[in-house]
Amino acid sequence: LFQSYAVGKSRRNISELMDIRPDYANIEQDGSLEQVDPDEVEIGTVIIVQPGEKVPIDGVVVEGTSTLNTSALTGESLPVDKTIGDKVIGGTINRSGYFKMEATAIGADTALAKIIALVDEATSSKAPIAKLADKVSGYFVPAVIGIAVLAAAVWLALGASWHFALTIAISVLVISCPCALGLATPTAIMVGTGRGAKSGILIKSATALETAHKVDTVILDKTGTITAGKPVVTDILPVKVTENELLAFAAGLEKLSEHPLGEAIVAAAEAKQLVLPEAGNYKQISGQGVTAELAGTECAAGNLKLLEALNVDVSSLMDQYDKLASQGKTPLYFVRAGELLGCIAVADTVKPTSREAIGRLQAMGMRVLMVTGDNRATAEAIRTQVGVDEAVAQVLPQDKEAVVRKLQQEGHIVAM
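If you're matching positions, the sequence shown starts at 2 in this note's numbering and goes up one per residue.
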């Protein structure tokens, strides 16, 4: 009874955690949008995803560009830019932009369905110690029953009453029966897996749970793990205006962009209670920035690519650009009537709890590594701030697995 209650509770926790699938998919029929159940969508169907909506199922972008919040599935809190040909996963959120996608996986084949199946499997899987407990119980229980019967028979043979002999038999059974062996282990695994799911920790199998206590090396990603994954303004470098004038101008341009870097600039201006100018004739240029009119004047905000396209001279800020980029900051440039007004740098900052968390892992006797795609200067700066034992930089996502494999071949038990 306790065991089935624990399983039910664990599965409820998992279904709550996974309640991120959208209720509908937009399909164009006879020139109008129709909302259908995602389960009714077939492979190859073209689906329209509007700003603020969830991607209904897995697919590929066939028209338009967008920025998706994939944190629910990947843990990566910085939104990801998507354009034609890019894969999108069901359950992720469309932050900005309207796009069309073609369905490539439905039902049990979607990434979300596979995660649910994986965790469901973990709650019912047995750890090696639980299998051993079952094996021992298989021999132990019949042996204990035999010993109890024998004990009763011996006392009866010695002339004891039925009442006394039965009491002896029951005592032997109660003292020796390994109920805890057979019940406590699977119950603990199920409750642990369910509690983990409620806290956002997905445990693949009971074996993985048992292996966890042997871990001696921990690898951490940087963005969204050690760092907050939420950009903030770090540097304001005006050229022909004051800092506050540049920030207000930049926020006026960026407040319609919905891009995370733009949101950081708007938040910084609002924190200083600056009055933002109204932007008109607003245009977003994918991968470069934005253009708009402020008080009838052509203005632009974006990266170096945008400034090159607009033939704006940025030589006065190139030294600072190199310095900011080496610190892992993203510089954004602001132009009014073809003239450079300045640069604002935005960066991801370290979480206040990261240093303590890494310190606790080290106190448990673990070696902590940080593996990141960022440049070495940024990685080294973060390493010094949080105290990780080693930083491995400029590693592509697909190459991170090679770092894990190398450590395993050296005999380490690695958690990433």
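For every residue, glycine included, the Cβ atom is placed at its ideal position computed from N, Cα and C. Everything numeric in this text was worked out from a predicted model, so none of it was measured.
According to DSSP, simplified to helix, strand and coil, what is residue i?
{"i": "M371", "result": "strand"}
{"i": "N27", "result": "strand"}
{"i": "L333", "result": "strand"}
{"i": "I220", "result": "strand"}
{"i": "K83", "result": "strand"}
{"i": "D320", "result": "helix"}
{"i": "M102", "result": "strand"}
{"i": "E402", "result": "helix"}
{"i": "L151", "result": "helix"}
{"i": "G201", "result": "coil"}
{"i": "L167", "result": "helix"}
{"i": "G91", "result": "coil"}
{"i": "S206", "result": "coil"}
{"i": "K352", "result": "coil"}
{"i": "K132", "result": "helix"}
{"i": "G230", "result": "strand"}
Please determine, among the options, the residue with the shortest C-alpha to C-alpha distance to residue i.
{"i": "D454", "options": "A280, I48, T373 and L159", "result": "No statement about residue 454 is possible, as the shown extent of the chain runs from 2 to 417 and does not include it."}
{"i": "K215", "options": "L2, Q409, Y6 and G9", "result": "Q409"}
{"i": "E246", "options": "G263, L257, K273 and L262", "result": "K273"}
{"i": "A338", "options": "K136, L295, V47 and T212", "result": "L295"}
{"i": "A268", "options": "K231, G297 and V291", "result": "K231"}
{"i": "S67", "options": "S97, C300 and H164", "result": "S97"}
{"i": "Q418", "options": "K352, P278, D375 and F250", "result": "Since the first residue shown for the chain is 2 and the last is 417, residue 418 is missing from the structure and cannot be characterised."}
{"i": "P353", "options": "Q51, L203 and A229", "result": "A229"}
{"i": "I44", "options": "S33, V50 and I58", "result": "I58"}
{"i": "N95", "options": "D82, E103 and A104", "result": "D82"}
{"i": "L341", "options": "V351, I359, E309 and Q328", "result": "E309"}
{"i": "E391", "options": "A189, V219 and E54", "result": "V219"}
{"i": "G9", "options": "L262, A270, V192 and E35", "result": "V192"}
{"i": "P23", "options": "P39, E29 and Q30", "result": "P39"}
{"i": "L262", "options": "I176, K241, D349 and E271", "result": "D349"}
{"i": "P129", "options": "V47, A270, A209 and L159", "result": "A209"}
{"i": "K136", "options": "T186, E29, V336 and K223", "result": "T186"}
{"i": "S177", "options": "V142, Y25 and Q289", "result": "V142"}
Would residue i and residue j qualify as a contact pair, given that the criterion is a beta-carbon distance under 8 Å?
{"i": "K88", "j": "V61", "result": "yes"}
{"i": "A166", "j": "A153", "result": "yes"}
{"i": "V233", "j": "A265", "result": "yes"}
{"i": "I116", "j": "L203", "result": "yes"}
{"i": "L69", "j": "P80", "result": "yes"}
{"i": "A382", "j": "Q328", "result": "yes"}
{"i": "V56", "j": "A104", "result": "no"}
{"i": "L318", "j": "L238", "result": "yes"}
{"i": "A301", "j": "V276", "result": "no"}
{"i": "L311", "j": "A280", "result": "no"}
{"i": "K330", "j": "T235", "result": "yes"}
{"i": "V387", "j": "R356", "result": "yes"}
{"i": "V405", "j": "L221", "result": "no"}
{"i": "Y283", "j": "A270", "result": "no"}
{"i": "L174", "j": "A149", "result": "yes"}
{"i": "V242", "j": "G108", "result": "no"}
Roughly how many angstroms separate the alpha carbons of residue i and residue j, rounded to a whole number?
{"i": "R196", "j": "E211", "result": "16 Å"}
{"i": "A346", "j": "M417", "result": "31 Å"}
{"i": "E244", "j": "K306", "result": "24 Å"}
{"i": "A251", "j": "V291", "result": "11 Å"}
{"i": "L333", "j": "G303", "result": "5 Å"}
{"i": "G86", "j": "A106", "result": "15 Å"}
{"i": "A207", "j": "T385", "result": "36 Å"}
{"i": "G139", "j": "I49", "result": "57 Å"}
{"i": "I146", "j": "I169", "result": "12 Å"}
{"i": "A161", "j": "L184", "result": "35 Å"}
{"i": "L351", "j": "G297", "result": "The sequence as given places Val at residue 351; Leu does not occur at that position. Distance between the alpha carbons of V351 and G297 is about 40 Å."}
{"i": "G92", "j": "N27", "result": "14 Å"}
{"i": "E54", "j": "T71", "result": "12 Å"}
{"i": "Y99", "j": "I190", "result": "44 Å"}
{"i": "E299", "j": "R361", "result": "53 Å"}
{"i": "D217", "j": "A364", "result": "11 Å"}
{"i": "I286", "j": "V415", "result": "43 Å"}
{"i": "V37", "j": "T379", "result": "46 Å"}
{"i": "V155", "j": "G412", "result": "56 Å"}
{"i": "S172", "j": "K223", "result": "59 Å"}
{"i": "V1", "j": "V47", "result": "Absent from the structure is residue 1, since the part of the chain shown begins at 2 and ends at 417."}
{"i": "F335", "j": "A326", "result": "17 Å"}
{"i": "D110", "j": "E122", "result": "16 Å"}
{"i": "A112", "j": "A118", "result": "10 Å"}
{"i": "V63", "j": "A114", "result": "23 Å"}
{"i": "W163", "j": "K132", "result": "38 Å"}
{"i": "H260", "j": "P278", "result": "18 Å"}
{"i": "S33", "j": "L2", "result": "53 Å"}
How about residue i: is its C-beta nearer than 8 Å to some C-beta of chain E?
{"i": "G32", "result": "Absent from the structure is chain E; it holds one protein chain and no more."}
Next item on the list: Would you check if the region 197 to 206 and the region 358 to 374 touch, i.e. whether three or more CB-CB distances between them fall below 8 Å?
Entry: no
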